Every structure is written in structure tokens, then in C-alpha cells.
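Quick mapping for you: the protein sequence lines, in order, are chains V and A. Heads up, the first sequence is in my numbering, so the first residue is 91 and it goes up one at a time. Heads up, the second sequence is in my numbering, so the first residue is 193 and it goes up one at a time. Inspection log for the structure reproduced underneath, given as C-alpha cells.
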Amino acid sequence: MANTQAMTTSFLGELLTATHNFTTGTGDTFKAALYLASATVAASTTVYSATGEVSGSGYTAGGVAVTNGTSPLSSNTSATAGVGYWTPSASITYTTVTLATAFDAVLIYNSTQSDKAVSVHTFGPQTVTAGTFTLTMPSNATSTALLRLATT
Amino acid sequence: MALVNTTKGEMDDSLLEKKEGFIDNDNEHTTWIEYWLEGDLVHRSAHVKLKKTITLSAEAASFN
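What follows is the structure in C-alpha cells.
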């Protein structure tokens, strides 16, 4: 089994029920948890779970809070098409941790809304020894943001 | 010289063997740094820059 990069399917439905509030300051709190390469977080993941999550010195179950300094933005790309997008405003950093078993995914989830899953992002397997693991976000722009909702 | 956090506490990097590397592909640009002491890995940090966006395609149905 493996982790798979995806916007979770449950999140897609929850967008239509206004479950998630990404507004800076007054919105929900989002967190980022790391998962072992042997785990199975994917589009079918509905909520954060400690099953398959990394563990080790300096790492707290549930991960770290995501910095949300910029509310979602939207832009029309034509008369019939546009894009809404959002990216965490700072790198996600796990400082002074030891994670000896390889991990290769991060789950972004909404800790305010019963830990409902948002998205899974994968990368090459990593370990950390008495060090820091940093996830740097892509540019928060129409074509590069971490999460994009687009019409064509 | 600089101090490095290790499994044995903070150590001067001049006492350690340093190894660095990177991965670059369509999905990520990752750099990592390791410090070794007498054959033992005592520090490893990694920095992943995500490249790939996740896009949800949205559509409004037509009545005709």
C-alpha cells in the first residue's frame, strides 16, 4: 500500500456545505500530520487518524498547525473560466525531531471541524535524525497554489 | 565552525563528517544534510519544496 496525493473526496462534498473556513484570522485551524511510507492516506481519507502517522522524539501526534496568513483568492481567467486557490503562508516545519521510519506524505486537515481531511501531499521517502523537516509551499498563484478549484 | 544538534547533543560541525544531497523531479525539490560521527548518523535534516498543485475541476451543468 502507499500514500497517494489527492484532494480528499470528502472535502469536495464539504465545500458545498461550507464546512471549512479558510479565512485568515477568523477561520478554522488547519494542521499538518506526517505519515509513514507504509500508510495509506489518499483521496478516500475522511479524517485525521493516528494510524500510520509517524512517531518519534519531538513529534506530537496530530502534527503542527498550518500558518494561514492569506485567505483564499479567486481570479477569472476568461468569461467562462476561473480559479479559486489557497496555499499556507509559511513553510510547515517540524523542529528537532527524530523520525527513524521513512515517511512520505503529509495530511492537511481541519482541526476545528472534527479533524476533517483536506488534502494529501506526497514526496520522496525521508527520515530525520535530531534534525528539522521542512515543507516549503509552492507560490500562492493561480497556476501554482497548493490547492486549486478551477473551471475551464 | 557551527554547532549542530545531534543525537549526542550539540557538537561542533568540524568534528563531524558532513554529507549533502538533493532530489529534483516534477513533484518536489528536496535537499538533505547529514552529519556522521565515527560511522554513526547523528543528525539528518530534510527540506522538501512541493512543486505540484492539486486541482479540483469544477463545472456547472447546462440545461440544454
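Where is the CB? At the ideal position from N, CA and C, for every residue including glycine. Keep in mind it's a predicted model, so treat the numbers as computed, not measured.
- For Glu230(A), there is no enclosing alpha helix (DSSP H), as DSSP marks it with neither H nor E.
- Chain A places no beta carbon closer than 8 Å to that of Thr109(V), leaving this residue out of the contacts.
- Counting C-beta atoms within 10 angstroms of its own C-beta, Gly153(V) has 16 or more neighbours from the protein chains shown and is therefore classed as buried.
- Residue contact with chain V for Asn256(A): absent (no Cβ-Cβ distance below 8 Å to any residue of chain V).
- At a cut-off of 8 Å between C-beta atoms, Ala220(V) counts as an interface residue with respect to chain A.
- Gln203(V) has a beta carbon lying at 8 Å or more from every beta carbon in chain A.
- Taking all protein chains shown into account, Lys200(A) has fewer than 16 neighbouring C-beta atoms within 10 Å of its C-beta and is therefore exposed.
- The alpha-carbon separation between Asn217(A) and Thr116(V) amounts to approximately 37 Å.
- A check of alpha carbon separations from Asp118(V) across Thr170(V), Leu124(V), Ser145(V), Pro178(V) identifies Pro178(V) as the nearest.
- Around the CB of Met193(A), fewer than 16 other CB atoms lie within 10 Å, so the residue is classed as exposed.
- Neighbours of Glu209(A) across chain V, judged by C-beta separation under 9 Å, do not exist; the nearest C-beta is about 14 Å away.
- Under the three-state reduction of DSSP, Glu220(A) is assigned to strand.
- When the Cα atoms are used, Thr188(V) and Asn197(A) turn out to be separated by approximately 11 Å.
- Selection Leu102(V), Lys121(V), Glu104(V) evaluated against Ala180(V) yields Lys121(V) as nearest (Cα-Cα).
- Rounded to the nearest angstrom, the Cβ distance from Gln216(V) to Ala238(A) is 5 Å, consistent with a contact under 8 Å.
- Restricting attention to Ala129(V), Val156(V), Thr113(V), Thr141(V), the CA atom closest to the CA of Ser201(V) is found in Val156(V).
- Legend: CB atoms of the region 122-136 of chain V lying less than 9 Å from CB atoms of chain A are not found in any residue.
- Residue-level contact check: Ala194(A) does not touch chain V, since none of the beta carbons of chain V fall below 8 Å from its beta carbon.
- DSSP places Phe101(V) inside the alpha helix (DSSP H), whose first and last residues are 99-105.
- The count of Cβ pairs closer than 8 Å, one atom from the region 159-174 of chain V and one from the region 136-147 of chain V, stays below three, leaving the stretches out of contact.
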